[in-house]
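Report on one structure; see the data block that follows.
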Amino acid sequence: MSAVEHFREAYQSLAPSLAGAELPWLKERREAALDALASVGFPGRRNEDWKYTSVRWLGSDFAPTVAGHDPGDSIFVPRLETRFDRLVFVDGVFSPPHSRVRAPGITVRPLHKVLAEVEDRLDGSPQLTGAFAKLNTALMDDGAYVEVPSGTAVEFPIELVFVGTGRGKAANVRNLIRVGDGGQATFFERYVGLPGKHFTNAITELSVGEGARVELVRLQKEALGAYHVGQVAVRQAANSVATVRSISVGAELARIEVRVELEGEGAKSDLTGLSLGRRKQHHDQHVAVWHRVGNCESVQTFKSVLDDSARGVFTGMIGIASGADGTDASQSGNNLLLSDDASVQTRPWLEIHADDVKAAHGATVGKLDEDALFYLRQRGLSEKRARSILTYAFANAVLEGANAELAGRLEAVIWEWLGSGEWK
Amino acid sequence: MTTPLLELKNVHASVAGTPILKGVNLVVNPGEVHAIMGPNGAGKSTLSKLITGHPDYELTEGQILYKGEDIAEMEPDERARAGIFMSFQYPVEIPGVSTSFFLKAAVNASRRERGEPELDAMDFLKVARTKMKQVGMPGDLLHRAVNEGFSGGEKKKNEIFQMAMLEPTLAVLDETDSGLDVDALRTISEGVNAMRNDERGMVVITHYQRLLDHIVPDFTHILAGGKIVKSGGADLAKQVEASGYEGLA
Chain U
1 MSAVEHFREA YQSLAPSLAG AELPWLKERR EAALDALASV GFPGRRNEDW KYTSVRWLGS
61 DFAPTVAGHD PGDSIFVPRL ETRFDRLVFV DGVFSPPHSR VRAPGITVRP LHKVLAEVED
121 RLDGSPQLTG AFAKLNTALM DDGAYVEVPS GTAVEFPIEL VFVGTGRGKA ANVRNLIRVG
181 DGGQATFFER YVGLPGKHFT NAITELSVGE GARVELVRLQ KEALGAYHVG QVAVRQAANS
241 VATVRSISVG AELARIEVRV ELEGEGAKSD LTGLSLGRRK QHHDQHVAVW HRVGNCESVQ
301 TFKSVLDDSA RGVFTGMIGI ASGADGTDAS QSGNNLLLSD DASVQTRPWL EIHADDVKAA
361 HGATVGKLDE DALFYLRQRG LSEKRARSIL TYAFANAVLE GANAELAGRL EAVIWEWLGS
421 GEWK
Chain Y
425 MTTPLLELKN VHASVAGTPI LKGVNLVVNP GEVHAIMGPN GAGKSTLSKL ITGHPDYELT
485 EGQILYKGED IAEMEPDERA RAGIFMSFQY PVEIPGVSTS FFLKAAVNAS RRERGEPELD
545 AMDFLKVART KMKQVGMPGD LLHRAVNEGF SGGEKKKNEI FQMAMLEPTL AVLDETDSGL
605 DVDALRTISE GVNAMRNDER GMVVITHYQR LLDHIVPDFT HILAGGKIVK SGGADLAKQV
665 EASGYEGLA
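Line order of the protein sequences matches chains U and Y. The numbers in our numbering rise by one with no breaks, and the one at position 8 of the first sequence is 8. Take any residue in the second sequence, note its place counting from 1, add 424, and you have its number in our numbering.
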């Protein structure tokens with residue numbers, strides 16, 4: 001059975017118990033998505049967007065999860081060391097005992113509770129056209145719903161935690177986040193897992209109002225047997241500033257797409273990404289920023305550190321629509337290969353339909369600097385330690401300007417990956 | 425008789441297969457400061473890299489003894505933790521790593537080696553502030569990335585500051601005076617002189633005599649064509665200044 005057939009069958013048996021099954025518009029939308037998926041199929045190598053990342057692993061062995069059908073509570077999930085407001089999902093199913101929301105003035109709820117109210121907003125991002133988005137619409141059951149009203153500044157990060165239990169489940173997660181005009185908020189979206197195999201297909205739709213400031217930190221730290229496809233679709237109104245910081249450490253294969261639409265003048269998009277891969281991990285970072293109107297700024301800073309025979313892919317797309325004069329767009333893709341067997345494909349992709357624009361891009365692939373290595377060793381640091389420190393130095397640029405509450409946690413993620421006790 | 429700190433016996437060395445040193449003999453005893461002078465291409469930097477164990481420099485013949493032990497097989501970091509320090513001619517910039525983080529890690533690596541307790545962040549800062557004053561290094565450099573955007577003088581001050589923090593037994597100063605103005609040269613020299621004592625040995629490598637006006641050596645050696653062609657006291661450096669290397673070779 002093909003993956004498409006598998007998921008169609010899964011839909012047919014699960015449809016009555018999927019969240020929002022009683023909503024006609026949603027049923028219609030799910031079925032339209034399934035039809036669209038059937039007609040395009042999952043992407044193959046001839047699809048330019050997926051040229052370097054195979055989806056053959058998808059097959060038919062992942063079982064989509066639905067609340068009630070899958071007692072995620074029976075699985076032990078370690079206590080989360082966090083003092084932030086959070087929603088926790090286990091295999092995509094909301095877990096009340098792990099969740100806590102106290103911040104006043106904002107709405108933070110599991111999506112399944114509010115589906116009746118989000119007809120206009122669900123799939124409201126024009127970027128969600130691919131096969132995995134269709135699959136998500138067809139089978140999504142839950143996720144986080146966050147509403148920050150206009151003019152509201154949220155003091156602490158809001159944490160959205162997705163735990164995969166490694167039992168062969170497919171979690172189709174959908175998060176809807178809206179920050180109203182002039183609002184300020186930080187989100188920490190993280191995907192972690194218990195050892196084993198599962199498939200996460202997560203979409204976050206983020207809408208940023210006029211003059212709002214938002215930072216979304218996305219950490220993919222799934223277990224090594226996991227498969228992870230994650231998409232962040234951002235729409236920004238005028239004079240808004242949105243930072244998306246994506247760190248990808250775990251999973252056998254991870255594909256992270258960050259797609260931004262700049263729809264109001266004076267908006268700024270700051271996208272950074274870091275992939276840390278080893279063994280046979282495959283990490284694909286896919287970025288597309290569309291300047292739909294003029295006088296917006298976008299910066300893409302993406303890095304990867306690859307060891308053993310890990311493979312990395314970076315595709316950075318800058319699109320500048322006709323008439324979007326005064327655009328200032330830049331992109332860098334820097335890659336550090338720690339072994340001769342590691343490899344990376346890096347491709348800038350520019351589509352420019354306006355004249356008066358700045359669009360800069362650059363890419364590097366390199367190894368650790370031998371002179372720096374000798375310098376550190378001459379000061380008494382072992383070769384392993386010296387390599388760790390230099391690798392950390394390369395990687396930590398992704399943390400520049402990060403929310404102070406989160407920076408330390410992210411530093412720890414890098415040190416931990418390096419196998420060092422440095423963060424303690 | 426005490427064991428020499430450093431002993432080079434008929435040292436031959438190559439870089440990428442090209443012979444550079446062709447039979448160097450040198451004995452540095454505890455408490456002594458030896459100046460190595462020589463024209464460009466004489467092998468001065470090769471000597472410092474060889475003593476510190478740079479992987480590109482190969483000892484092809486002879487012996488390097490540190491405190492009486494052959495160190496040819498020791499890794500650069502083992503030599504460093506054993507007390508061998510080099511002030512780099514071209515200190516490396518390391519963006520993304522603060523000087524304090526790097527140096528605290530380095531100091532504690534050596535302390536662990538000696539069986540001493542590690543310094544915590546507070547203790548480290550206390551010691552660091554004192555030593556920074558000694559070498560005239562601005563305090564904010566501690567929080568900046570290692571050597572990144574430092575001026576030439578700041579980089580060299582940072583080297584001597586690190587030396588003060590690491591308290592090596594043998595210090596090799598490779599062209600420490602290059603790129604320094606007169607004031608920086610004086611400050612750095614004072615920092616070095618403050619570290620002279622009965623146990624510590626120093627090898628001061630320089631092209632010019634002016635550094636040796638400030639750091640007055642006990643012995644001076646002229647290195648030319650991969651060999652030490654002449655040895656003497658502090659006044660030998662002055663002869664070089666007067667007559668050039670050609671008159672001596």
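Every residue gets a Cβ at the ideal spot worked out from N, C-alpha and C, and that includes glycine.
- U/Arg30 has no beta-bridge partner at all, per DSSP.
- At a C-beta separation below 9 Å, Y/Ser534 has these neighbours in chain U: Arg379 and Gly380.
- A Cβ of chain U is located within less than 8 Å of the beta carbon of Y/Ala530.
- By the neighbour-count criterion, in which 16 or more other beta carbons inside 10 Å mark a residue as buried, U/Thr107 falls on the exposed side.
- A contact between stretches requires three or more CB pairs, one per stretch, nearer than 8 Å, and the region 395-414 of chain U fails this requirement with the region 427-443 of chain Y.
- Looking at the backbone, the Cα of U/Asp356 and that of Y/Met461 are separated by about 59 Å.
- The beta carbon of U/Arg377 lies closer than 7 Å to those of Glu383 and Ala386 in the same chain, with the five residues before and after it left out.
- Per DSSP, U/Gly408 is one residue of the alpha helix (DSSP H) stretching across Ala404 to Trp417.
- When Cβ-Cβ separations below 8 Å define contact, U/Phe374 makes contact with chain Y.
- Classified as exposed, U/His353 has fewer than 16 neighbouring CB atoms from the shown chains inside 10 Å of its CB.
- The Cβ-Cβ distance between Y/Val521 and Y/Val570 falls below 8 Å.
- Under the 8 Å Cβ criterion, the region 576-585 of chain Y does not count as touching the region 461-481 of chain Y, having fewer than three qualifying pairs.
- Contact annotation: U/Trp417 and U/Leu276 have beta-carbon atoms nearer than 8 Å.
- By DSSP's assignment, U/Arg109 forms a beta bridge with U/Tyr145.
- The beta carbon of Y/Ala504 falls within 8 Å of a beta carbon belonging to chain U, placing the residue at that interface.
- Judged by DSSP in its simplified three-state form, Y/Thr554 adopts helix.
- Think of a sphere of 8 Å around the beta carbon of U/Asn396: the chain Y residues whose beta carbon falls inside it are Gly520, in chain order.
- Using a Cβ-Cβ cut-off of 8 Å, U/Ala393 counts as an interface residue toward chain Y, since at least one Cβ of chain Y sits closer than that to its own.
- Per DSSP, the continuous alpha helix (DSSP H) segment holding Y/Glu614 begins and ends at Val606 to Asn617.
- At a Cβ-Cβ threshold of 8 Å, U/Glu210 and U/Ala237 count as neighbours.
- Shown here, Y/Pro541 sits in coil according to DSSP, grouped into three states, outside any helix or strand.
- Secondary structure at Y/Glu482: strand, using DSSP grouped into helix, strand and coil.
- Per DSSP, the beta-bridge partners of U/Gly362 are U/Ser332.
- By the criterion of a C-beta distance shorter than 7 Å, U/Val114 is surrounded in its chain by Tyr145, once the five residues flanking it on both sides are discounted.
- Interface flag for Y/Thr476 against chain U is set, since a Cβ pair is found closer than 8 Å.
- Chain order gives no chain Y residues near U/Glu411, where near means a beta carbon separation below 9 Å; the closest approach is about 11 Å.
- Residues of chain Y with a Cβ closer than 9 Å to the Cβ of U/Asp340 do not exist; the shortest Cβ-Cβ separation is about 17 Å.
- Per the coordinates, the alpha-carbon of Y/Gly467 lies some 11 Å from the alpha-carbon of Y/Gly447.
- Within the same chain, Cβ atoms closer than 6 Å to the Cβ of U/Val208 are found at Val179, Val214, Gln236, Ser240 and Ala242, the five residues on either side in sequence being excluded.
- The closest CA to that of Y/Ile612, considering only Y/Lys557, Y/Val664, Y/Asp494 and Y/Leu566, is found on Y/Lys557.
- Comparing alpha carbon positions, the residue from U/Phe374, U/His112, U/Leu135 and U/Arg109 closest to U/Arg30 is U/Leu135.
- Neighbours of U/Glu416 in chain Y, taken as residues whose beta carbon is under 8 Å from its own, are absent, since the nearest beta carbon is some 17 Å off.
- Cβ-Cβ separation between U/Gly266 and U/Cys296: approximately 7 Å, consistent with a contact (criterion under 8 Å).
- Taking a Cβ-Cβ cut-off of 9 Å, the neighbours of Y/Leu590 in chain U comprise Arg379 and Gly380, given in sequence order.
- Per DSSP, the continuous alpha helix (DSSP H) segment holding U/Ala131 begins and ends at Ala131 to Leu139.
- For U/Val154, the three-state secondary structure derived from DSSP is coil.
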